[in-house]
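Here the structure is laid out as structure tokens; the discussion comes afterwards.
Number of protein chains: 2
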Amino acid sequence: MKGQIPHATISRLPIYLRCLSSGKAGRTTCSSEQLAQVAGVNSAQVRKDLSYLGSYGVRGVGYDIADLEAQIRRVLGLEREYAAVIVGAGNLGRALAHYDGFTDAGFRIAALLDVDPAKVGEGPDGVPVLPLTELERVVVDEDVSIGIIAVPASGAQDVADRLCTAGIRSILNFAPTVLQVDESVEVRRVDLSTELQILTFHLHNRARATS
Amino acid sequence: MKGQIPHATISRLPIYLRCLSSGKAGRTTCSSEQLAQVAGVNSAQVRKDLSYLGSYGVRGVGYDIADLEAQIRRVLGLEREYAAVIVGAGNLGRALAHYDGFTDAGFRIAALLDVDPAKVGEGPDGVPVLPLTELERVVVDEDVSIGIIAVPASGAQDVADRLCTAGIRSILNFAPTVLQVDESVEVRRVDLSTELQILTFHLHNRARATS
DNA sequence: TAGATTGTTAATCGATTAACAATC
DNA sequence: TAGATTGTTAATCGATTAACAATC
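Same order as they appear, the protein sequences are chains R and C.
So the number in the working numbering is just where the residue sits in the first sequence, counting from 1, plus 5.
So the number in the working numbering is just where the residue sits in the second sequence, counting from 1, plus 5.
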């Protein structure tokens, strides 16, 4: 059943969820047109996406906000809490450990890990900074299911290999590298420089187009 | 000419660029198969993407690495430097200002801006932290073309509006909101919680599939 | 020439969206 | 009933990829 939800739909569900939670306090229902407006997509798209969850809308009325929220959370598997480790306690790693969005969304940062012994100790918001050698132990002891890589590109593949060996099957990679991992491991890449370079393409082209 | 390069191709060009730069020192050419391997895509895809740049490959030999790098940089508009401002001097904003990847890729962070007067002063790596009221002046004086939003969701739309009014046409948005902007403005969204939630979908489904 | 690899075609696949019957 | 809005179909659009002639 679940397997047939398209990839593109899955990546829009968190956006719908966010739009629903931050909706006007008074309303209890919401039309596909309204949701489309705030999510920045086509209303037919919204209806199609939501139809994969089952038929929870009411014709002529719209979707019940609380109900829809629950359905999306169920499909995304957000009914339980997940623990994550962040590897790399540099600026980015520490900023991520601080990041409220993770805890707000129900993720728990079990530890920051770093090869540099000087960084070990108490970290931001009481998250411990541990030596990288503790990786395997933390993953087991704290039931960690997500690995976040925030080390320089040169170390990223090694870290990924260790995470995989430790049993991690979901990785969020902030290093500017394409990781080579087993196909059973899901990797999402967040590449900050790449995002800026895509923006420059448009800057460059708009400049050319109007000159 | 440029306008016809597909969106999907544009977003892969920075990855190819990175793979080329970090290649083995000895080699001067590179086949589509090799590039596909490190970039994690299909080799036919690589050839098709590169064909949009023009015909710079040599049959039976491959692509000249230095030449290809130059062509990609030209198409992406990376032959010049761009200045960016980061709005929001919290943990994320400050980590981004520190981030070497931006300077390595030729971006200059002109300033961090924050509404909180307590945060104003000298920031990370000598980047000044200025009051948000300085926004318009900095954009003009420093010829800023990119705005990076690292404020909480509640303030993001206001910041976006001010950036647009100041003349910015490219925005990188780290706030968990879909910004409503004029269609002439290009927005890229980096939503950290969304990425984790997409990972949980796969965790959840793999767990269900194997149980 | 033989081997390697590009550039491009055509087939396939998947995602988007207009349109509208169903129905609250 | 009249108005609103869903769920779904079918058309369209765009992206991926196998295959192979061209050619170094």
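Just so it is clear, CB atoms sit at the ideal spot from N, CA and C, and this is done for glycine as well.
Small disclaimer: the values here were computed from a predicted structure and weren't measured.
Checklist entry - His103 (chain C) and Asn96 (chain R) look like a contact to me (Cβ under 8 Å); what is the Cβ gap, rounded to whole Å? => result Position 98 of the second sequence, counted from the first residue, corresponds to residue 103 (chain C). Position 91 of the first sequence, counted from the first residue, corresponds to residue 96 (chain R). Between His103 (chain C) and Asn96 (chain R), the beta carbon gap of about 4 Å places them in contact (Cβ cut-off 8 Å).
Next on the checklist: List, in chain order, every chain C residue whose beta-carbon is nearer than 8 Å to that of Asn2 (chain R).
Outcome noted: In the structure as shown, chain R starts at 6 and stops at 216, and residue 2 (chain R) therefore has no counterpart that could be examined.
Item to check | Whole-angstrom distance between Glu84 (chain R) and Met6 (chain R), CA atom to CA atom | outcome: Along the first sequence, read from residue 1 onward, the residue named residue 6 (chain R) stands at position 1. Along the first sequence, read from residue 1 onward, the residue named residue 84 (chain R) stands at position 79. Low confidence applies to Met6 (chain R): its pLDDT is 37, below 50, so where it sits in the model is not reliable enough to give any reading.
Checklist entry - Any Cβ of chain R within less than 9 Å of the Cβ of Val195 (chain C)? => result Position 190 of the second sequence, counting from 1, holds the residue named residue 195 (chain C). The beta carbon of Val195 (chain C) falls within 9 Å of a beta carbon belonging to chain R, placing the residue at that interface.
Checklist entry - Got a sec? Which residues, its chain only, sit under 7 Å from Ile114 (chain C) by beta carbon, not counting five neighbours each side? => result By one-based count along the second sequence, residue 114 (chain C) stands at place 109. So the qualifying residues of the chain are Ala89, Ile91, Ala102, Phe107, Val132.
Next on the checklist: Between the alpha carbons of Gln162 (chain C) and Asn178 (chain R), how many angstroms are there, rounded?
Outcome noted: As a position in the second sequence, residue 162 (chain C) is number 157, starting the count at 1. As a position in the first sequence, residue 178 (chain R) is number 173, starting the count at 1. Computed Cα separation, rounded: 28 Å.
Checklist entry - Which residues in the same chain have their Cβ closer than 8 Å to the Cβ of Asp54 (chain R), if we skip the five residues on either side of it in sequence? => result As a working mapping, residue 54 (chain R) is identified with position 49 in the first sequence. These residues qualify, in order along the chain: Thr14, Arg17, Leu18, Tyr21.
Next on the checklist: Given 8 Å as the limit, tell me if Val120 (chain R) has its C-beta closer than that to any heavy atom belonging to the ligand MG.
Outcome noted: Looking at this structure, you won't find the ligand MG or any other ligand, since it has none at all.
Item to check | Contact set between the stretch 41-58 of chain R and chain C, restricted to residues whose Cβ is under 7 Å from the partner | outcome: Residues of the stretch 41-58 of chain R that bring their beta carbon within less than 7 Å of a beta carbon in chain C comprise Val43, Ala44, Gly45, in sequence order.
Checklist entry - So the alpha helix (DSSP H) Leu101 (chain R) belongs to, where does it begin and stop? => result What you label residue 101 (chain R) is simply residue 96 of the first sequence in a count that begins at 1. Its alpha helix (DSSP H) spans residues 96-103.
Checklist entry - Listed from N- to C-terminal order along the chain, which residues in the stretch 167-182 of chain R have their beta-carbon within a distance smaller than 9 Å of any beta-carbon of chain C? => result In summary, the residues of the stretch 167-182 of chain R whose CB is separated from some CB of chain C by less than 9 Å are Arg174, Ser175, Ile176, Leu177, Pro181, Thr182, in the order they occur in the chain.
Next on the checklist: Check whether chain R comes within 9 Å of Gly93 (chain C), counting only Cβ atoms and requiring the distance to be less than that.
Outcome noted: Position 88 of the second sequence, counted from the start, is the residue given in the question as residue 93 (chain C). For Gly93 (chain C), not one C-beta of chain R is nearer than 9 Å to its own C-beta.
Item to check | Phe112 (chain R) versus Leu140 (chain C) - alpha carbon distance | outcome: Within the first sequence, residue 112 (chain R) is the residue found at index 107, counting from 1. Within the second sequence, residue 140 (chain C) is the residue found at index 135, counting from 1. If I take the Cα positions, the gap works out to 34 Å.
Checklist entry - Smallest Cα separation from Gly59 (chain C): which of C:Glu74, C:Leu197, C:Leu184? => result Numbered from 1 along the second sequence, position 54 holds the residue referred to as residue 59 (chain C). Nearest C-alpha to Gly59 (chain C): C:Glu74.
Item to check | Environment of Thr205 (chain C) [buried if 16+ CB atoms lie within 10 Å] | outcome: Within the second sequence, numbered from 1, the residue matching residue 205 (chain C) stands at position 200. Around the Cβ of Thr205 (chain C), a 10 Å sphere holds 16 or more other Cβ atoms; the residue is buried.
Checklist entry - Where do the N-terminal and C-terminal ends of the beta strand (DSSP E) with Tyr87 (chain C) fall, by residue? => result Within the second sequence, numbered from 1, the residue matching residue 87 (chain C) stands at position 82. Its beta strand (DSSP E) spans residues 87-92.
Next on the checklist: Taking the alpha-carbon of Leu135 (chain R) as reference, which of R:Val149, R:Asp119, R:Ser48 has the nearest alpha-carbon?
Outcome noted: For the purposes of this step, residue 135 (chain R) is taken as residue 130 along the first sequence, with counting starting at 1. If we check each option's Cα against that of Leu135 (chain R), R:Asp119 comes out closest.
Checklist entry - Leaving out five residues before and five after Ile151 (chain C) in sequence, what residues of the same chain have Cβ atoms less than 8 Å from its Cβ? => result In the second sequence, counting from the first residue as 1, residue 151 (chain C) sits at position 146. Excluding sequence positions up to five before and after Ile151 (chain C), its CB lies within less than 8 Å of the CB of Tyr87, Ala88, Ala89, Val90, Phe112, Ile173, Ser175, Ile176, Leu177, all in the same chain and listed in chain order.
Item to check | Range covered by the alpha helix (DSSP H) that runs through Leu184 (chain R) | outcome: In the first sequence, residue 184 (chain R) corresponds to position 179, counting from 1. Careful: Leu184 (chain R) lies outside any alpha helix (DSSP H) and carries neither H nor E.
Checklist entry - So what's Glu38 (chain R) in DSSP terms, helix, strand or just coil? => result Mapped onto the first sequence, residue 38 (chain R) falls at position 33. Helix at Glu38 (chain R).
Checklist entry - Since Arg113 (chain R) sits in a beta bridge, which residues does DSSP pair it with? => result For the purposes of this step, residue 113 (chain R) is identified with residue 108 of the first sequence, where counting begins at 1. Per DSSP, R:Ala88.
Checklist entry - So, is the C-beta of Glu200 (chain R) closer than 9 Å to a C-beta in chain C? => result Locating residue 200 (chain R) in the first sequence gives position 195, counting from the first residue. Taking Cβ atoms only, chain C reaches closer than 9 Å to Glu200 (chain R), which makes this a yes.
Item to check | Through-space distance from Arg211 (chain R) to Gly82 (chain C), alpha-carbon basis | outcome: Residue numbering aside, residue 82 (chain C) sits at position 77 when the second sequence is read from its first letter. Residue numbering aside, residue 211 (chain R) sits at position 206 when the first sequence is read from its first letter. Distance between the alpha carbons of Gly82 (chain C) and Arg211 (chain R): 11 Å.
Checklist entry - Considering only the beta carbon of each residue, do Ala171 (chain C) and Val190 (chain C) sit closer than 9 Å? => result On the second sequence, residue 171 (chain C) is found 166 positions in, with the first residue counted as 1. On the second sequence, residue 190 (chain C) is found 185 positions in, with the first residue counted as 1. For the pair Ala171 (chain C) and Val190 (chain C), the CB atoms are not nearer than the 9 Å cut-off.
Checklist entry - Is it the case that the Cβ atoms of Tyr61 (chain C) and Asp69 (chain C) are separated by a distance below 9 Å? => result Translated into the one-based positions of the second sequence, residue 61 (chain C) becomes position 56. Translated into the one-based positions of the second sequence, residue 69 (chain C) becomes position 64. Going by C-beta atoms, Tyr61 (chain C) is nearer than 9 Å to Asp69 (chain C).
Checklist entry - Ala110 (chain R) touches chain C at which residues, Cβ-Cβ below 7 Å? => result Locating residue 110 (chain R) in the first sequence gives position 105, where the first residue counts as 1. Chain C residues near Ala110 (chain R): Ser198, Leu201, Gln202.
Item to check | Members of the stretch 15-36 of chain R that neighbour chain C once the beta carbon cut-off is set at 9 Å | outcome: Along the stretch 15-36 of chain R, going in chain order, the ones with a CB nearer than 9 Å to a CB of chain C are Ile15, Ser16, Leu18, Pro19, Ile20, Leu22, Arg23, Cys24, Ser27.
Checklist entry - In the DSSP assignment, what are the bridge partners of Glu191 (chain C)? => result Along the second sequence, one-based indexing puts residue 191 (chain C) at 186. DSSP output for Glu191 (chain C) lists C:Ser175 as bridge partner(s).
Checklist entry - If you run the structure through DSSP and keep just helix, strand and coil, what is Ile10 (chain R)? => result The residue given as residue 10 (chain R) occupies position 5 in the first sequence. Three-state result, Ile10 (chain R): coil.
Next on the checklist: Quick check on Arg211 (chain R) - is its C-beta less than 9 Å from some C-beta in chain C?
Outcome noted: The count along the first sequence starts at 1 and reaches residue 211 (chain R) at position 206. So yes, Arg211 (chain R) belongs to the interface.
Item to check | DSSP state of Glu127 (chain C) mapped onto helix, strand, coil | outcome: Position 122 of the second sequence holds residue 127 (chain C). Here Glu127 (chain C) sits in strand by DSSP.
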